[in-house]
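Before any comments, here is the structure.
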Amino acid sequence: MKVTVEQEVVSSIGKGILVFAAVAPGDTEKEAESLAAKVLNMKLWDDDSGGRWKRNVQDINGEVLCVSQFTLLASTKKGNKPDFHGALGGNAAKDLYQLFQRKVQEGYVADRVKDGVFQATMEVALVNDGPVTLEISASPKKKPEKSQKQLLLQHPNQSPCRGPVIFKTNMSDKISPP
């Protein structure tokens, strides 16, 4: 798997997972940290005796490629044009995404965790093994109290964190050097 920006490969990995991560209004640092741990601990590979869904990316000494992907939060309920108001914008999104990516690095071996380029137009090439594609999310948020409920009705885009989408790959070698 690899990420290319302006015809230059900026990151690539071999066997491991590709994480498309989106940040929504209302997402928190705690959720970013929780999702980073989930990415590293999600059991996606078989064990040596053929047991299904027994090993995580760390167990297989795999790599992780994190890519910011605000379009995951698009709404297509009205018309034919996606609405991206469900995605957090600007520096707030960048800060929370970078926290998520940093927590993945801190929870594993830093040089086995790669990154795309935030807000860049990227070409992402992947070979999806299985295919296995999952959407993971942080724990559901508590129900708001009555006084908070009205505020949430005024801001319908503040939905629970949808979390990253991860793809599993079984490639033994990198597609190309970073």
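For any residue, its number in this note's numbering is found by taking its place in the sequence shown, counting from 1, and adding 82.
For glycine and all other residues, C-beta sits at the position ideal for the given N, C-alpha and C.
Burial state of residue i, where buried means 16 or more other Cβ atoms lie within 10 Å
i    : result
T158 : exposed
W127 : buried
G98  : buried
Q151 : buried
Q201 : exposed
Q89  : exposed
Distance, residue j Cα to residue i Cα
i    : j    : result
N143 : I218 : 21 Å
Y190 : F166 : 32 Å
V91  : K84  : 7 Å
K112 : G212 : 31 Å
D177 : G133 : 39 Å
V146 : P164 : 29 Å
D141 : W135 : 12 Å
Q183 : D197 : 8 Å
Supposed close pair residue i, residue j - CB separation, criterion 8 Å
i    : j    : result
G168 : A106 : 6 Å
C148 : V199 : That pair is no contact at about 11 Å.
V101 : V121 : 6 Å
L181 : A104 : Not really, about 14 Å apart at Cβ, beyond 8 Å.
Beta-ladder partner(s) of residue i, from DSSP
i    : result
D165 : S157
V214 : The partner list for V214 (beta bridge, DSSP) is empty, contrary to what the question assumes.
T268 : The structure shown does not extend to residue 268, since the chain is modelled only from 83 through 260, so no value can be given for it.
K196 : L147
Contiguous beta strand (DSSP E) assignments of at least 3 residues, all confined to the stretch 89-145: For the stretch 89-145, whole beta strand (DSSP E) runs of length 3 or above, ordered along the chain, are 90-94, 98-103.
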